[in-house]
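Trainee: Residue numbers for the sequence shown, in this note's numbering: 843 to 1146.
In this text, a Cβ means the ideal position worked out from N, Cα and C, and glycines have one as well.
In this text, all values refer to a predicted model and were calculated from it rather than measured experimentally.
Before I ask anything, here is the structure I am working with.
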Amino acid sequence: MKTDKKMIVSQYCLDRRRFLAVAGGVTLIRHISFADTGNPPELTRWAFASDTHVPTTDKSDNPPRGHYFFDPLGNTRRTMAAIAADAPVGVVITGDLARLTGQVGDYKNVADCLAALPKKCPVFQALGNHDHRANFRQVFKKTPGIHPAVEKRYITVIDTPPVRFILLDSLRRVNEGNGELGLSQRMWLKDFLATHDDTPTLIFLHHNLSPKGGAIADALLFFEIIRPIRSVKAVVFGHSHVYRYAALDDIHLINLPAVGYSFNAKVPVGWVEAKLTSDGGRFKLNVIDGPSPANRIRELTWRQ
Ligand SMILES: [Zn+2]
């Protein structure tokens, strides 16, 4: 992907006032102005992270067995400091923000880590199986992006031209491994995708997926929804604590590394810088601890 000087790089420009919500918040009509340039941006640069597992009390001097590079609080601080050093348009964290059971103290420490980022760099968070919706909302009262009203689900829609992000909520029960999107969320997603334009869309959720299914009970039903919608280009997730790329037909499946710790001494912890255009993405692994692979860059082309 070329990134020459003429390229117009987007700022996060979603603004509630620029959206007209109809049909109970289900349909959003985009009204974004590009007053500065007259053109929509060609590239947007983001930081993607996952599985911070930030605790209320730091126990990094006594890591559980089989946990490598275990320093959830320290690793999250280092990650946010690294992102802040060259702040992108925004940050997405795909869940398991909290250590295990989503304590209020965990989220207070997450908020403290995120405070390292400049104000112009918003953070968007999805919830994982070690998160707790009410406790999360208690600490993060005001969160950026559009949150469609789907019962008991925390969804975020972000328009960051030239692409769109949809953050889904796959938390089924707190501190239980597998997740689920559920019928109401799947219905919302199907309707949203059917009633919106063809902006290249990345879907984010916590639980990992593979072409055969994944760690959510309704993975195959989710695939049935996104497969025929050509605007959906990639699904981004965490949960496995492994950095990996796969594909469902021609939809990219991007498994982010964990920040908090790894389950394998050969697998590093870190975050991913993503440069996204309407044609594809360039993804760069940034290692916080553990072995650094020789090739840390992956370029993907979106399906048409
Ligand atoms: Zn998880």
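Alpha carbon to alpha carbon, what distance is there between T886 and N1171?
Mentor: An answer regarding residue 1171 cannot be provided, because it is not within the stretch 843 to 1146 covered by the chain.
Trainee: Since T1011 contacts A968 with CB under 8 angstroms, what's their CB separation in whole angstroms?
Mentor: Note that residue 1011 corresponds to Asp in the displayed sequence, not to Thr. 7 angstroms between Cβ atoms; contact.
Trainee: Taking 7 angstroms as the line, does the beta carbon of G970 fall inside it for any heavy atom of ligand 1?
Mentor: At least one heavy atom of ligand 1 is nearer than 7 angstroms to the Cβ of G970, so yes.
Trainee: Are three or more beta carbon pairs between the region 947-958 and the region 889-904 nearer than 8 angstroms?
Mentor: Yes: at least three Cβ pairs fall under 8 angstroms.
Trainee: Would you report the Cα separation of F1105 and Y910, rounded to the nearest angstrom?
Mentor: Cα to Cα, the separation comes out at about 6 angstroms.
Trainee: Could you check what DSSP says for R919 in three-state terms: helix, strand or coil?
Mentor: The answer is helix: DSSP assigns R919 an H, G or I state.
Trainee: Quick check on the DSSP output: the alpha helix (DSSP H) that includes G1112 runs from which residue to which?
Mentor: No alpha helix (DSSP H) contains G1112, which is instead part of the beta strand (DSSP E) from 1111-1118.
Trainee: Looking at the unbroken beta strand (DSSP E) that takes in K1126, where does it start and where does it end?
Mentor: From DSSP, the beta strand (DSSP E) with K1126 extends over 1122-1131.
Trainee: Using alpha carbons as the reference points, say which of A953, Y996, P960, E993 lies closest to F982.
Mentor: The candidate whose alpha carbon is nearest that of F982 is A953.
Trainee: Just to check, is the beta-carbon of D893 closer than 7 angstroms to a non-hydrogen atom of ligand 1?
Mentor: At least one heavy atom of ligand 1 is nearer than 7 angstroms to the Cβ of D893, so yes.
Trainee: Give me the DSSP bridge partner(s) of E1141.
Mentor: Paired residues: R1124.
Trainee: Following the continuous alpha helix (DSSP H) through N951, name the residue where it begins and the one where it ends.
Mentor: Start and end: 946-956.
Trainee: Once DSSP output is grouped into helix, strand and coil, what is the label at D1033?
Mentor: In this structure, D1033 counts as helix in the three-state DSSP scheme.
Trainee: Thinking just about the alpha-carbon of each residue, which of L1023, L1062, P986 is nearest to the one in K962?
Mentor: The residue with the shortest Cα to Cα distance from K962 is P986.
Trainee: Return the first residue and the last residue of the beta strand (DSSP E) that V981 is part of.
Mentor: No beta strand (DSSP E) contains V981, which is instead part of the alpha helix (DSSP H) from 975-981.
Trainee: Going by the beta-carbon positions, is the gap between A940 and H989 smaller than 8 angstroms?
Mentor: No.
Trainee: Name the residue from S1073, R979, P1003 whose alpha carbon lies nearest to the alpha carbon of A1036.
Mentor: A1036 has its Cα closest to that of S1073, out of S1073, R979, P1003.
Trainee: Quick test of your reading: W1144 and K1032, contact by CB under 8 angstroms. State the CB separation rounded to the nearest angstrom.
Mentor: In fact, because the Cβ distance is near 21 angstroms, the residues do not count as touching under 8 angstroms.
Trainee: Taking 7 angstroms as the cut-off, does the CB of H1081 come closer than this to any heavy atom belonging to ligand 1?
Mentor: Checking every heavy atom of ligand 1 against the Cβ of H1081, one is found closer than 7 angstroms.
Trainee: Let me confirm a value: A1136 is counted as buried when at least 16 other C-beta atoms fall within 10 Å, else exposed. Which label applies?
Mentor: Exposed, since its Cβ has fewer than 16 Cβ neighbours within 10 Å.
Trainee: If you run the structure through DSSP and keep just helix, strand and coil, what is Q967?
Mentor: It is a strand residue.
Trainee: If you drop the 5 nearest sequence neighbours on each side, which residues of the same chain put their C-beta closer than 7 angstroms to that of G1055?
Mentor: If we look at G1055 and ignore the five residues flanking it on each side, its Cβ neighbours are A1061, L1062.
Trainee: Applying the 10 Å Cβ sphere with the 16-neighbour rule, what's the burial state of D1040?
Mentor: Classification of D1040: exposed, given that the 10 Å Cβ count is below 16.
Trainee: Under the rule that 16 or more other beta-carbon atoms within 10 Å means buried, what is D938, buried or exposed?
Mentor: The residue is buried, with at least 16 neighbouring Cβ atoms inside 10 Å.
Trainee: Quick check on DSSP: helix, strand or coil for S1012?
Mentor: Correct three-state label for S1012: coil.
Trainee: On the CB-based measure, 16 or more other CB atoms within 10 Å of its CB, does T943 come out buried or exposed?
Mentor: Exposed, since its Cβ has fewer than 16 Cβ neighbours within 10 Å.
Trainee: How many angstroms separate the CA atom of G970 from the CA atom of C955?
Mentor: Roughly 18 angstroms separates the two Cα atoms.
Trainee: Less than 8 angstroms between the CB atoms is what I'm expecting for L1025 and F1065, so what's the real figure, rounded?
Mentor: In fact, because the Cβ distance is near 16 angstroms, the residues do not count as touching under 8 angstroms.
Trainee: Where does S1026 fall in DSSP's three states?
Mentor: Helix.
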